[in-house]
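Chemist: Residue 481 is where the sequence shown starts when you use our numbering, and the numbers rise one by one after that.
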Amino acid sequence: MIKVSDTAKKKVVELMTGDGFNPTSDYVRVGVKSGGCSGLSYDLKFDNTKDDEDKVFEDNDVKIIVDKKSFLYLIGTTLEYSGGLNGTGFVFNNPNANRTCGCGESFSL
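(1) What span of residues does the alpha helix (DSSP H) with GLY498 cover, start to end?
(2) Drop a sphere of 10 angstroms on the beta-carbon of SER514, count the other beta-carbons inside from all chains shown, and report buried for 16 or more, exposed for fewer.
(3) Against chain C, does MET496 count as a neighbour if the rule is that its beta carbon must be under 8 Å from one of theirs?
(4) So, is ASN574 buried or exposed, given that buried needs 16 or more other C-beta atoms within 10 angstroms?
(5) What does THR557 pair with, by DSSP beta-bridge criteria?
(6) Could you check where the beta strand (DSSP E) with ILE634 kicks off and where it finishes?
(7) If we count the other Cβ atoms within 10 Å of its Cβ and call it buried at 16 or more, is VAL536 buried or exposed?
(8) Please report the Cβ distance between ASP547 and GLU533, rounded to the nearest whole angstrom; I am assuming they are in contact, meaning their Cβ atoms lie under 8 Å.
(9) Could you check which residue in TYR561, THR558, VAL542 has the C-alpha nearest to that of PRO503?
(10) Whole angstroms are fine: how far does the CA of THR557 sit from the CA of LEU495?
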């Protein structure tokens, strides 16, 4: 399960609408890929289709899809949005990560 904070929800709805997606029926696709300074990096995009093997979640009225491989790395993660002085963007609070890089975009287990 992936949780979505209130601030992340507001930003997701704003961005999805701006990109021509429907926040009530389309998805936020969250994944993990190789790369980044810590070994693995997060991938976040909007999608209006899902594959048969995707895991589907809904939290805070945001529909999330995760591919089967990435799911194991993301269990218990909370998607947040930060608009502070130290940077603006989505932040993944992942309890499975042993180490993260300074920018928060990559991690290792």
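Positions of the beta carbon are idealized from the N, C-alpha and C atoms, including for glycine.
Modeler: Working from what's here:
(1) Residue mapping note: residue 498 aligns to position 18 of the sequence shown, counting from 1. It spans 486 to 498 - the alpha helix (DSSP H) in which GLY498 sits, taken as one unbroken run.
(2) Counting from one through the sequence shown, the residue named residue 514 turns up at place 34. Result: exposed.
(3) Although the question refers to chain C, the structure presented lacks it and comprises just one protein chain.
(4) To locate residue 574, count along the sequence shown from 1; it is residue 94. Around the beta-carbon of ASN574, 16 or more other beta-carbon atoms lie within 10 Å, marking it buried.
(5) Looking up residue 557 in the sequence shown gives position 77. Looking at the DSSP assignment, THR557 forms no beta bridge with any residue, so it has no partner.
(6) Nothing about residue 634 can be reported from this structure: the residues present for the chain run from 481 to 589 only.
(7) Within the sequence shown, residue 536 is the residue found at index 56, counting from 1. By the neighbour-count rule (16 or more Cβ atoms within 10 Å), VAL536 is not buried but exposed.
(8) Within the sequence shown, residue 547 is the residue found at index 67, counting from 1. Within the sequence shown, residue 533 is the residue found at index 53, counting from 1. Correct: roughly 7 Å between the Cβ atoms.
(9) Position 23 of the sequence shown, counted from the first residue, corresponds to residue 503. That would be VAL542, whose Cα lies nearest to the Cα of PRO503.
(10) Numbered from 1 along the sequence shown, position 15 holds the residue referred to as residue 495. Numbered from 1 along the sequence shown, position 77 holds the residue referred to as residue 557. Their Cα atoms are separated by approximately 21 Å.
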